[in-house]
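2 protein chains.
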Amino acid sequence: MQNVLNALRALEELAVRQPIGVADLARAMGLPKSSVQRTLVTLKEAGWIRPTGSVPTRWVVTTKALHVGRHATDELGLRDIALPVMEELRRRTDETVHLAVREGSKVVLVERLETSQPVRIILPLGQNLAVHASANGKAVLAADPQEAVERYIAEGLREFTDTTITDAARLRAELARTRERGWATNSGEWRADVSAVASAVIGEAGLPVASISINVPTSRMTDEARPVYGALVNEAAKRISTALGRAHEEGDGG
Amino acid sequence: MQNVLNALRALEELAVRQPIGVADLARAMGLPKSSVQRTLVTLKEAGWIRPTGSVPTRWVVTTKALHVGRHATDELGLRDIALPVMEELRRRTDETVHLAVREGSKVVLVERLETSQPVRIILPLGQNLAVHASANGKAVLAADPQEAVERYIAEGLREFTDTTITDAARLRAELARTRERGWATNSGEWRADVSAVASAVIGEAGLPVASISINVPTSRMTDEARPVYGALVNEAAKRISTALGRAHEEGDGG
DNA sequence: TACAGCGTGCCGTATAACGGCACAAGCCCT
DNA sequence: AGGGCTTGTGCCGTTATACGGCACGCTGTA
Numbered sequence: 302m303q304n305v306l307n308a309l310r311a312l313e314e315l316a317v318r319q320p321i322g323v324a325d326l327a328r329a330m331g332l333p334k335s336s337v338q339r340t341l342v343t344l345k346e347a348g349w350i351r352p353t354g355s356v357p358t359r360w361v362v363t364t365k366a367l368h369v370g371r372h373a374t375d376e377l378g379l380r381d382i383a384l385p386v387m388e389e390l391r392r393r394t395d396e397t398v399h400l401a402v403r404e405g406s407k408v409v410l411v412e413r414l415e416t417s418q419p420v421r422i423i424l425p426l427g428q429n430l431a432v433h434a435s436a437n438g439k440a441v442l443a444a445d446p447q448e449a450v451e452r453y454i455a456e457g458l459r460e461f462t463d464t465t466i467t468d469a470a471r472l473r474a475e476l477a478r479t480r481e482r483g484w485a486t487n488s489g490e491w492r493a494d495v496s497a498v499a500s501a502v503i504g505e506a507g508l509p510v511a512s513i514s515i516n517v518p519t520s521r522m523t524d525e526a527r528p529v530y531g532a533l534v535n536e537a538a539k540r541i542s543t544a545l546g547r548a549h550e551e552g553d554g555g
Numbered sequence: 302m303q304n305v306l307n308a309l310r311a312l313e314e315l316a317v318r319q320p321i322g323v324a325d326l327a328r329a330m331g332l333p334k335s336s337v338q339r340t341l342v343t344l345k346e347a348g349w350i351r352p353t354g355s356v357p358t359r360w361v362v363t364t365k366a367l368h369v370g371r372h373a374t375d376e377l378g379l380r381d382i383a384l385p386v387m388e389e390l391r392r393r394t395d396e397t398v399h400l401a402v403r404e405g406s407k408v409v410l411v412e413r414l415e416t417s418q419p420v421r422i423i424l425p426l427g428q429n430l431a432v433h434a435s436a437n438g439k440a441v442l443a444a445d446p447q448e449a450v451e452r453y454i455a456e457g458l459r460e461f462t463d464t465t466i467t468d469a470a471r472l473r474a475e476l477a478r479t480r481e482r483g484w485a486t487n488s489g490e491w492r493a494d495v496s497a498v499a500s501a502v503i504g505e506a507g508l509p510v511a512s513i514s515i516n517v518p519t520s521r522m523t524d525e526a527r528p529v530y531g532a533l534v535n536e537a538a539k540r541i542s543t544a545l546g547r548a549h550e551e552g553d554g555g
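Sequence order for the protein chains is A and B. Position one of the first sequence corresponds to residue 302 (my numbering), numbered consecutively onward. Position one of the second sequence corresponds to residue 302 (my numbering), numbered consecutively onward.
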């Protein structure tokens, strides 16, 4: 099934580089031009990409992927369960609320409700969050077994800002504190002007399946506000966790 | 490339029906079980789906599609251009603002900023909007050439609520009014409790490429508010249109 | 206990994908 | 103006690869 793998890789590569032509894409993928050309036509037939109409031909992705991707949180009705809770959080704080799911060693933003105040950064859904430099990432990591933590640390802790935790020991200590109080925090560790507080949603297996966070401009994240937000996300995550458990029981009788 | 087409179809089918097993999916697709099984394993290898871990095996989509789909508005930097304008709209109205793109005969929601007030419906990104029963849809349709309108009407006007326009003549009249004033409206025509006002974003070819809308509970959509919102979306859409044009000029020198 | 359904894997055949190649058109740098 | 280079597109013979019937072990039900 090499064929399908190539086609899907082409799609991903194209999404990042779009708008792009056959030759460029073929070079980027290290494949013959004619093979890539055939793949592009096929992806077009399937409705996943389309030519811009310009000459020379440039290709872009359609919304088909978005259409498929919106089901990513369907598994246990996570979206339906989390949204009301998220909305209450947003109403109480008037800050941006994020829902991220864990996926392998990645943490991915899947839903968001924005503050009504002006914001600098509006993250696109589908964005991978830095695990060691985001509140959601750290909340998930803290709820993971130690081996998963070590595996992640082994991959290296990339530095984004001057507050990013790049030292393994410091990260372990931070995760320990996170476990104690039930919520994680982020002080401009990914972007200097964004701070956050998050708490993990625990699935039936006792493992973190998602995380919910309150994101604010660093300037508004005072030392008094942080624990208040912490308590809020903690409670919210717990509510989602238990609701998920109930949904699962009803769903499959066990 | 039948192979790839089947794989992508399996992905779409799976997304809608997830969590689902091989046999069910094979039945739904009218394909041999072994072929579908092979496809599923391949899609897993590529990271687009994953087994839930339960027994018997059930498959769900990952966030890979979301990750690819977020580039759907990259083409001319639509997202970057539209978001600031959307945010200003939301700030001025404190109502939910939607950005939809046109794709073939479909209109797809690609970005949203929510009101800070409690809302009943939060639409997932990637959602197809009813063309004749949504403000965004009507805004796009009104900016289309007449032949496109007739082609759409020929497909039939499905009824969603008792205010849905199902009569071709009435729709043509409504589109004419939309063209006159520059903005479209929706009075609970898709969901009784959701009303909206929208204006189309016009691309370089003079055709509609997107649409921006203000969505409010029907109870808040008074006769006084409607033209006010109309003027706002109209101006917003114009700003996005001209900014797009400039971006395009700079982008390719023509 | 028999059975029907499931998910998984094998394997011989035939088909459909591969990729080298050629060609026309457009761009840029003389 | 021109020549060289790169582009997108399409053909076609070979061969590797996907197809799908089939069989297996398992689970839950009648």
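For each residue, glycine too, the CB sits at the ideal point set by N, CA and C. Since the structure is predicted, the reported quantities are computational estimates derived from the model, not experimental observations.
Residue span of the beta strand (DSSP E) that contains residue 352 of chain A, given as start and end: Translated into positions along the first sequence, residue 352 of chain A becomes position 51. Start and end: 350-352.
For residue 501 of chain A, the first and last residue of its enclosing beta strand (DSSP E): Start at 1 with the first residue of the first sequence, and residue 501 of chain A comes out as number 200. Looking at the DSSP string, the run of the beta strand (DSSP E) that includes residue 501 of chain A is 495-503.
Pick from B:481, B:462, B:463, B:458 that is closest to residue 472 of chain B, judged by C-alpha positions: The sequence position of residue 472 of chain B within the second sequence is 171, counting from 1. When C-alpha distances from residue 472 of chain B are compared across B:481, B:462, B:463, B:458, the shortest belongs to B:458.
Uninterrupted beta strand (DSSP E) stretches inside the region 350-436 of chain A (no shorter than 3 residues): Fully enclosed beta strand (DSSP E) runs of 3 or longer: 350-352, 360-362, 397-404, 407-414.
Where residue 454 of chain A sits in the DSSP three-state scheme: The sequence position of residue 454 of chain A within the first sequence is 153, counting from 1. Residue state, collapsed to three classes: helix.
Short Cβ contact (7 Å threshold) for residue 382 of chain B with residue 541 of chain B: The residue you call residue 382 of chain B lines up with position 81 of the second sequence. The residue you call residue 541 of chain B lines up with position 240 of the second sequence. With respect to the 7 Å criterion, residue 382 of chain B and residue 541 of chain B are classified as neighbours on the basis of their beta carbons.
Three-state secondary structure (DSSP) of residue 285 of chain A: The shown model of chain A, from 302 to 555, leaves out residue 285 of chain A, and the question about it has no answer.
Meets three-Cβ-pair contact criterion under 8 Å: the region 395-415 of chain A and the region 312-329 of chain B: Taking 8 Å as the limit for Cβ pairs, the verdict is that the region 312-329 of chain B does not touch the region 395-415 of chain A.
8 Å contact criterion, which residue 303 of chain A and residue 323 of chain A should meet: CB distance rounded: Numbered from its first residue, the first sequence carries residue 303 of chain A at position 2. Numbered from its first residue, the first sequence carries residue 323 of chain A at position 22. Between residue 303 of chain A and residue 323 of chain A a beta carbon distance of about 19 Å is seen, past the 8 Å cut, so the two are scored as non-contacting.
Three-state class that DSSP yields for residue 541 of chain A in the structure shown: Residue mapping note: residue 541 of chain A aligns to position 240 of the first sequence, counting from 1. In this structure, residue 541 of chain A counts as helix in the three-state DSSP scheme.
Which of helix, strand or coil DSSP assigns to residue 320 of chain B: Indexing the second sequence from 1 puts residue 320 of chain B at position 19. Assigned with DSSP and collapsed to three states, residue 320 of chain B falls in coil, not helix or strand.
7 Å CB neighbourhood of residue 330 of chain A in its chain, flanking five on each side removed: Residue 330 of chain A sits at position 29 when you count from the first residue of the first sequence. Cβ neighbours of residue 330 of chain A beyond the five flanking positions: 310, 311, 314, 337.
Cβ of residue 541 of chain A within 7 Å of any chain B Cβ: If you number the first sequence from 1, residue 541 of chain A lands on position 240. Chain B contact via Cβ: absent.
Proximity test, Cβ basis, 7 Å: residue 302 of chain B and chain A: In the second sequence, counting from the first residue as 1, residue 302 of chain B sits at position 1. For residue 302 of chain B, the answer is yes, since a Cβ of chain A falls inside 7 Å of its Cβ.
C-alpha gap between residue 443 of chain A and residue 399 of chain A, whole angstroms: Start at 1 with the first residue of the first sequence, and residue 443 of chain A comes out as number 142. Start at 1 with the first residue of the first sequence, and residue 399 of chain A comes out as number 98. When rounded, the distance between both Cα atoms is 18 Å.
Three-pair Cβ contact test at 8 Å for the region 473-481 of chain B versus the region 504-523 of chain B: In short, these stretches do not touch, since the Cβ pair count stays below three.
Near-chain B residues of the region 367-390 of chain A - C-beta to any C-beta below 8 Å: Contacts with chain B (Cβ-Cβ distance below 8 Å) from the region 367-390 of chain A involve 367, 368, 369, 370, 371, 372, 373, 375, 376, 380, 384, 388, listed in chain order.
Where the alpha helix (DSSP H) containing residue 444 of chain A begins and where it ends: Indexing the first sequence from 1 puts residue 444 of chain A at position 143. No alpha helix (DSSP H) contains residue 444 of chain A, which DSSP labels as neither H nor E.
CA nearest to the CA of residue 296 of chain B, picked from B:462, B:535, B:467: As shown, chain B starts at 302 and ends at 555. That puts residue 296 of chain B outside it, with no answer to give.
Nearest to residue 353 of chain A (by Cα), restricted to the options B:363, B:499, B:373: If you number the first sequence from 1, residue 353 of chain A lands on position 52. Closest by C-alpha distance to residue 353 of chain A, out of B:363, B:499, B:373, is B:373.
DSSP three-state assignment for residue 340 of chain A, whether helix, strand or coil: Within the first sequence, the letter at position 39 stands for residue 340 of chain A. The DSSP-derived three-state label of residue 340 of chain A is helix.
Within-7 Å CB hit, residue 331 of chain A to chain B: Locating residue 331 of chain A in the first sequence gives position 30, counting from the first residue. Any Cβ of chain B closer than 7 Å to the Cβ of residue 331 of chain A would place that residue at the interface, and such an atom is absent.
Where residue 474 of chain A sits in the DSSP three-state scheme: Taking the first sequence and counting its residues from 1, the one referred to as residue 474 of chain A is at position 173. Residue 474 of chain A falls in the helix class under three-state DSSP.
Whether residue 500 of chain A touches residue 522 of chain A by CB criterion (7 Å): If you number the first sequence from 1, residue 500 of chain A lands on position 199. If you number the first sequence from 1, residue 522 of chain A lands on position 221. The answer is no: Cβ separation not under 7 Å.
Residue from A:360, A:355, A:356 with nearest C-alpha to residue 340 of chain A: Here residue 340 of chain A refers to the residue found at position 39 when the first sequence is read from its first residue. Of all alpha-carbon atoms in A:360, A:355, A:356, the one lying nearest the alpha-carbon of residue 340 of chain A is that of A:360.
Neighbourhood of residue 363 of chain B by C-beta distance below 7 Å, restricted to the same chain and skipping five residues each side: As a position in the second sequence, residue 363 of chain B is number 62, starting the count at 1. Counting only Cβ-Cβ distances below 7 Å, and skipping sequence neighbours, we find 348, 349, 350, 351.
Chain-ordered neighbours of residue 501 of chain A on chain B, where CB pairs are closer than 9 Å: Reading the first sequence from its first residue, position 200 is the one you call residue 501 of chain A. Neighbours of residue 501 of chain A on chain B: none; closest Cβ ~17 Å, over 9 Å.
Own chain residues within Cβ distance below 8 Å of residue 428 of chain A, not counting five before or after: Counting from one through the first sequence, the residue named residue 428 of chain A turns up at place 127. Taken in chain order, the residues that qualify are 409, 410.
Residue(s) in a DSSP beta bridge with residue 487 of chain B: Residue mapping note: residue 487 of chain B aligns to position 186 of the second sequence, counting from 1. B:497, per the DSSP bridge assignment.
Beta carbon of residue 488 of chain B nearer than 7 Å to that of residue 465 of chain B: Translated into positions along the second sequence, residue 488 of chain B becomes position 187. Translated into positions along the second sequence, residue 465 of chain B becomes position 164. No, these two residues do not count as a Cβ contact at 7 Å.
Cα-Cα separation, residue 379 of chain A to residue 538 of chain A: Translated into the one-based positions of the first sequence, residue 379 of chain A becomes position 78. Translated into the one-based positions of the first sequence, residue 538 of chain A becomes position 237. Looking at the backbone, the Cα of residue 379 of chain A and that of residue 538 of chain A are separated by about 12 Å.
Spatial distance of residue 518 of chain B from residue 477 of chain B (CA atoms): To locate residue 518 of chain B, count along the second sequence from 1; it is residue 217. To locate residue 477 of chain B, count along the second sequence from 1; it is residue 176. One alpha carbon belongs to residue 518 of chain B, the other to residue 477 of chain B, and they sit about 25 Å apart.
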